[in-house]
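Heads up, the thing below is written out as structure tokens.
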Amino acid sequence: MAQNQWTKQTFTLNTGAKIPAVGLGTWQSQPNQVREAVKVALQKGYRHIDTALAYGNEHEVGQGIKDSGVPREEIWITTKLDNPWHKRVEEGINSSLKSLGVDYVDLYLMHWPSSTDPEDLKKHYPDWDFRDTWRELQKLPASGRVKNIGVSNFGIKNLEKLFASEDFKTTPAVNQIELHPNQPSPKLVDYCKEKGIHVTAYSCLGSTDSPLAKDKTLHSIAEKKGKSPQQVLLVWGLQRGTSVIPKSVTASRIEANFELDGWSLTDEEVKQLNSLPDRFKVCGDAWLPVKVFFGDDE
1 MAQNQWTKQT FTLNTGAKIP AVGLGTWQSQ PNQVREAVKV ALQKGYRHID
51 TALAYGNEHE VGQGIKDSGV PREEIWITTK LDNPWHKRVE EGINSSLKSL
101 GVDYVDLYLM HWPSSTDPED LKKHYPDWDF RDTWRELQKL PASGRVKNIG
151 VSNFGIKNLE KLFASEDFKT TPAVNQIELH PNQPSPKLVD YCKEKGIHVT
201 AYSCLGSTDS PLAKDKTLHS IAEKKGKSPQ QVLLVWGLQR GTSVIPKSVT
251 ASRIEANFEL DGWSLTDEEV KQLNSLPDRF KVCGDAWLPV KVFFGDDE
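Quick note on numbering: the sequence shown equals residues 1 to 298 in our numbering.
Structure (structure tokens):
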């Protein structure tokens with residue numbers, strides 16, 4: 001890429017589709033803020049918007065897309081199937097399309113490898129798991145409503161379980177996972193690359209409570225570069241070959257998170273960030289009825 005034009009860069013998926021390297025995340029964004037955030041991002045030049053049925057904001061995301069004036073075909077939209085909908089894949093995608101106000105999504109992800117019983121969210125279906133859900137997801141691209149399918153929050157153990165399933169036909173195009181220097185998951189990232197699965201990094205800025213916010217190494221690199229710590233974290237993610245979806249609802253931050261072109265981190269700086277000792281996970285699995293993280297990602 002000439003002079004690291006990160007904001008113009010795409011990653012080619014195993015389907016041949018091209019996912020924009022930088023997107024806007026919308027998790028935990030308050031009502032009425034998301035619509036404006038999506039509009040601002042698209043007008044700034046973002047072409048990748050990430051949402052999910054579980055976020056409860058698909059309708060607003062759809063309104064923001066319309067408000068932006070950017071043609072639908074220029075925008076990459078990712079949404080996700082919620083855990084209690086695993087037995088209702090058809091209803092799940094139709095619900096998302098209706099809320100978003102679009103005819104198709106570019107990427108549809110299984111949000112978590114947990115087929116949660118909608119009658120009791122503390123329970124997992126006894127007769128259905130993510131392998132069954134994937135069997136149903138595999139049918140969607142033929143309908144034209146979903147261009148690519150993938151997974152989210154899958155570690156190596158569950159990916160291997162998926163690949164070994166008798167119904168397994170389609171390799172996920174993407175695995176969306178939490179990635180930042182306090183949760184770098186190098187083994188999992190390498191495993192996905194080997195299997196031809198593109199990785200998207202969520203919580204790529206850590207979070208306000210993480211040790212990253214105060215990390216001296218990160219701050220000294222940012223200072224030296226004349227960049228914000230957030231910009232450094234995003235470029236770190238991009239240089240690892242992952243797409244990044246920083247979340248913000250503040251116009252100035254949305255814009256700053258997109259000011260990534262024309263510079264990169266040196267091998268030494270990347271190595272320093274790769275070697276941070278702290279470990280911190282924004283998203284654990286204690287709230288799920290099954291364990292999905294097994295500490296096998298590094």
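The C-beta atom is built at its ideal place from N, Cα and C for all residues, glycine as well.
Alpha carbon to alpha carbon, what distance is there between residue j and residue i?
i, j, result
"Gly69", "Arg35", "13 angstroms"
"Ala286", "Val292", "9 angstroms"
"Pro277", "Ile156", "22 angstroms"
"Thr217", "Thr26", "28 angstroms"
"Phe294", "Glu255", "36 angstroms"
"His86", "Thr133", "6 angstroms"
"Leu162", "Gly150", "12 angstroms"
"Glu259", "Gln230", "10 angstroms"
"Ser143", "Leu97", "13 angstroms"
"Pro31", "Gln43", "20 angstroms"
"Met110", "Asn158", "13 angstroms"
"Ser99", "Val61", "9 angstroms"
"Glu90", "Pro84", "13 angstroms"
"Pro141", "Asn274", "37 angstroms"
"Gly206", "Thr51", "18 angstroms"
By Cβ distance, which residues of its chain are closer than 7 angstroms to residue i, with the 5 residues on each side in sequence left out?
i, result
"Thr200", "Val174, Gln176, Thr242, Ser243 and Ile245"
"Lys281", "Glu178 and Gln183"
"Asn94", "none"
"Met1", "Any reading at Met1 is ruled out, since the residue's pLDDT is 43, under 50, leaving its predicted position unreliable."
Which whole-angstrom value describes the C-beta separation of residue i and residue j, a residue pair presumed to lie in contact below a C-beta threshold of 8 angstroms?
i, j, result
"Asn148", "Asp103", "15 angstroms between Cβ atoms; not a contact."
"Thr79", "Tyr108", "6 angstroms"
"Thr10", "Ala21", "6 angstroms"
"Ile49", "Leu24", "5 angstroms"
"Trp112", "Ser152", "7 angstroms"
"His180", "Cys204", "6 angstroms"
"Ala37", "Ser228", "At roughly 18 angstroms, the Cβ-Cβ gap does not stay under 8 angstroms, so Ala37 and Ser228 are not in contact."
"Val270", "Gln239", "6 angstroms"
"Pro186", "Glu298", "5 angstroms"
"Gly92", "Leu53", "6 angstroms"
Who are the near neighbours of residue i in its chain, counting only those whose CB is closer than 8 angstroms to its CB and skipping five residues on each side?
i, result
"Lys193", "Val199 and Gly241"
"Lys123", "Thr116, Asp117 and Pro289"
"Trp76", "Ile19, Pro20, Gly23, Arg47, His48, Ile49, Asp106 and Leu107"
"Val40", "Ala251, Ile254 and Glu255"
"Asp261", "Gln3, Asn4, Gln5, Trp6, Thr7 and Lys8"
"Asn14", "Thr171, Ala173, Gly196, Ile197 and His198"
What are the partner residues of residue i, as DSSP defines its beta bridges?
i, result
"Gly150", "Leu109"
"Lys66", "Partner(s): none; Lys66 has no beta bridge."
"Thr302", "There is simply no residue 302 to check, as the chain begins at 1 and stops at 298 in what is shown."
"Lys18", "Thr12"
"Glu36", "For Glu36, which the question treats as bridged, DSSP gives no partner whatsoever."
Within its chain, find whatever has a CB closer than 6 angstroms to the CB of residue i; leave out the 5 residues flanking it on each side and keep chain order.
i, result
"Leu288", "Ser114"
"Gln138", "Lys169 and Thr170"
"Gln272", "Thr217"
"Gln63", "Arg35"
"Cys283", "Glu178"
Answer yes if the segment 253-272 comes into contact with the segment 229-236, meaning at least three C-beta pairs across the two stretches below 8 angstroms, and no otherwise. yes
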